[in-house]
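Participant: Sharing a structure below in structure tokens format, with a few things to ask.
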Amino acid sequence: MSIFEYNGSALVAMVGKNCFAIASDRRLGVQLQTIATDFQRISKIHDRLFLGLSGLATDAQTLYQRLVFRHKLYQLREERDMKPETFANLVSAILYEKRFGPYFCQPVIAGLGDEDKPFICTMDSIGAKELAKDFVVAGTASESLYGACESMFKDDMEPEELFETVSQALLSSVDRDCLSGWGGHVYVVTPTEVKERILKGRMD
Amino acid sequence: MGDSQYSFSLTTFSPSGKLVQIEHALTAVGSAANGVVIATEKKLPSILVDETSVQKIQYLTPNIGVVYSGMGPDFRVLVRKSRKQVEQYHRLYKEPIPVTQPVRETAAVMQEFTQSGGVRPFGVSLLVAGYDDNGPQLYQNAKTFLEKRYTDDMELDDAVHTAILTLKEGFEGQISGKNIEIGIIGTDKNFRVLTPAEIDDYLAEVE
């Protein structure tokens, strides 16, 4: 079994009209055994920037701690928050530093940039960025997620419709993947508020 | 003024807390609502020196420029260090560096050399002018401390005139486009050193 499939994960981020949604599953497993059903894969870097990390859970946690550290220093030095594009470049650089002994994670970055323009991107475990205008996916359920998002996505969705779309895409994809699931965790972020919601799906 | 007794050494503070030698050679500044001007006299050691080969105003990035008063070689070392830091920043964040960052890091280097053993402090006072998301900015690095010069409500051309007039007051000999340097940064966010011809035009307006 691949190291990326050791813990199991599903992550998706989608762009809407002046908003974005980022969602993950909640299962943490050790190969076939389920250890936790409330695992947090998505973290807030600042009010307008969220980071989701799929793949090996220990690397995801360590990488998250390193990135928060870097961002806090940046905030102190520059007296401002990091833009999502800048943060994506930072993550890419940090991942590439470990080119020959990488973090086994695939990050998904979602944020609101200048003029509240939503920004999403993903990258592989050594920092190759993939920018997308519509959606990005990661994790063991990524192939199903690609299919589901491609068929359900529409341009310029309002936050409520975006929430429905992301939730349906996530739940239907993790149902086809034995390593991810046990519900969903969805964040819908607009310039004014962040709505966090838990989904209940097939609890297996 | 009691200060003049303290003008013998580059690194001795006067009772009022000023570095008198630095003040003498100080560059002139003008800040406008939509840009920044820095100007300096180009004092050549001899008439045999080709003035076009001497550049006191240097670029750190296309939108940040720096000028000094004091020791040229010390300045060049600081500019090298700064430029490297700027490029490292860009490699990490792929974002143009805000003006405060190179200023802060240069100040840290300058401070280091006042505290480490076996080295002497940098004999320069720097003026950094740049334009970033927070608009036009001007910073002064004198030995170890930083001051921000606040922007006034002035047009860029007026700021150039002000800078020239300030330089003229301390100037010995005939001022011309050949023995002063002027750098400006305007709303186009590009730092630019004026050509001698352009400087002569401004000088004609001032007279």
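Chains as they are written, first to last, in the UniProt record's numbering: chain A, 1 to 204; chain B, 1 to 207. Cβ coordinates follow ideal geometry from the N, Cα and C atoms, glycine included. Keep in mind it's a predicted model, so treat the numbers as computed, not measured.
Going by DSSP, which residues form a beta bridge with A:E130?
Facilitator: Paired residue(s): A:T122.
Participant: Return helix, strand or coil for B:D158, following the three-state DSSP convention.
Facilitator: Residue state, collapsed to three classes: helix.
Participant: To the nearest angstrom, report how far apart B:K56 and B:V103 are at their CA atoms.
Facilitator: Taking the straight line from one Cα to the other gives about 17 Å.
Participant: Mapping the DSSP letters down to three states, classify A:F87 as helix, strand or coil.
Facilitator: Three-state result, A:F87: helix.
Participant: Express the C-alpha separation of B:P96 and B:G183 in angstroms, rounding to a whole number.
Facilitator: So the alpha carbons of these two residues sit roughly 20 Å apart.
Participant: Can you list, in chain order, the residues of its chain with a C-beta nearer than 7 Å to that of B:N190? Leave out the 5 residues immediately preceding and following it.
Facilitator: Hits under 7 Å: P62 and N63.
Participant: The segment 93-112 of chain A: which residues have C-beta closer than 7 Å to a C-beta of chain B, in chain order?
Facilitator: From the segment 93-112 of chain A, only A93 have a Cβ closer than 7 Å to chain B.
Participant: Taking Cβ-Cβ distances shorter than 9 Å, what residues in chain B pair up with A:E78?
Facilitator: Within chain B, the residues near A:E78 are P98, T100 and Q101.
Participant: Say whether the segment 122-138 of chain A touches the segment 2-12 of chain A, bearing in mind that this needs 3 or more beta-carbon pairs closer than 8 Å, one atom from each stretch.
Facilitator: Touching, per the Cβ criterion.
Participant: Pull up the DSSP beta-bridge partners for A:P102, would you.
Facilitator: BP columns for A:P102 are empty, so no partner.
Participant: Applying a beta-carbon distance threshold of less than 9 Å, which residues of chain A neighbour B:E51?
Facilitator: Near B:E51 there are no residues of chain A at all, since even the closest Cβ is about 39 Å away, more than 9 Å.
Participant: Quick check on B:T61: does DSSP put it in helix, strand or coil?
Facilitator: Three-state DSSP puts B:T61 in a strand.
Participant: Can you round the beta-carbon distance between B:L165 and B:A39 to whole angstroms, since I take them to be within the 8 Å contact cut?
Facilitator: Not really, about 10 Å apart at Cβ, beyond 8 Å.
Participant: Mind checking which residues open and close the beta strand (DSSP E) that includes A:A141?
Facilitator: Taken as a continuous stretch (DSSP letters only), A:A141 belongs to no beta strand (DSSP E), as it is neither H nor E.
Participant: Just checking: is the beta-carbon of B:Y68 within a distance shorter than 7 Å of some beta-carbon in chain A?
Facilitator: Taking Cβ atoms only, chain A never reaches closer than 7 Å to B:Y68, which makes this a no.
Participant: So, do the segment 16-29 of chain A and the segment 163-177 of chain A have three or more beta carbon pairs nearer to each other than 8 Å?
Facilitator: With the cut-off at 8 Å, the segment 16-29 of chain A and the segment 163-177 of chain A touch.
Participant: Looking at chain B, is there any beta carbon in it that lies within less than 7 Å of the beta carbon of A:N18?
Facilitator: No, no contact with chain B.
Participant: Cβ closer than 8 Å: which chain A residues qualify as neighbours of B:L92?
Facilitator: Neighbours of B:L92 on chain A, chain order: N89, L90 and A93.
Participant: Tell me whether B:S176 sits in a helix, a strand or coil according to DSSP, three-state version.
Facilitator: Looking at B:S176 - three-state DSSP - the assignment turns out to be coil, as it is neither helix nor strand.
Participant: List the whole-angstrom C-beta distance separating A:E78 from B:Q101, where the pair is believed to meet the contact cut-off of C-beta under 8 Å.
Facilitator: At roughly 7 Å, the Cβ-Cβ gap stays under 8 Å, so A:E78 and B:Q101 are in contact.
Participant: Would you kindly check if the distance between the Cβ of A:F104 and the Cβ of A:I3 is under 7 Å?
Facilitator: Result yes, Cβ atoms of A:I3 and A:F104 sit closer than 7 Å.
Participant: Taking 8 Å as the limit between beta carbons, can you name the residues of its chain near A:D175, skipping five residues before and five after?
Facilitator: So the qualifying residues of the chain are G181, G201 and R202.
Participant: Looking only at DSSP bridge pairs, what is B:I182 linked to?
Facilitator: Paired residue(s): B:A39.
Participant: Which of the three DSSP states is assigned to A:L53 in this structure?
Facilitator: Strand.
Participant: Kindly say whether A:T86, judged by its beta-carbon, lies nearer than 7 Å to any beta-carbon of chain B.
Facilitator: So, interface residue.
Participant: What does a CB cutoff of less than 6 Å around B:V206 pick up in its chain, not counting 5 residues either side in sequence?
Facilitator: Once the five neighbours on either side are set aside, the close Cβ partners of B:V206 are H161 and I164.
Participant: Is it a yes or a no for the segment 93-107 of chain A touching the segment 37-44 of chain A, going by three-plus beta-carbon pairs under 8 Å?
Facilitator: The segment 93-107 of chain A is not in contact with the segment 37-44 of chain A.
Participant: Nearest by alpha-carbon distance to A:N89: which of A:T190, A:G183 and A:M123 is it?
Facilitator: Nearest C-alpha to A:N89: A:M123.
Participant: With A:M14 as the anchor, note down where its beta strand (DSSP E) starts and where it stops.
Facilitator: Segment A10 to V15, the beta strand (DSSP E) holding A:M14.
Participant: Within the same chain, show all residues whose beta-carbon is closer than 7 Å to that of B:Q85, passing over the 5 residues directly before and after it, in chain order.
Facilitator: Excluding residues within five positions, the ones whose Cβ falls inside 7 Å are P102 and E105.
Participant: Taking the beta strand (DSSP E) that A:Q33 falls in, what are its first and last residues?
Facilitator: Run containing A:Q33: Q33 to A36, per the beta strand (DSSP E) assignment.
Participant: Give the single residue among B:V99, B:V66 and B:L44 whose Cα lies nearest to the Cα of B:S53.
Facilitator: Of the listed residues, the one whose Cα sits closest to B:S53 is B:L44.
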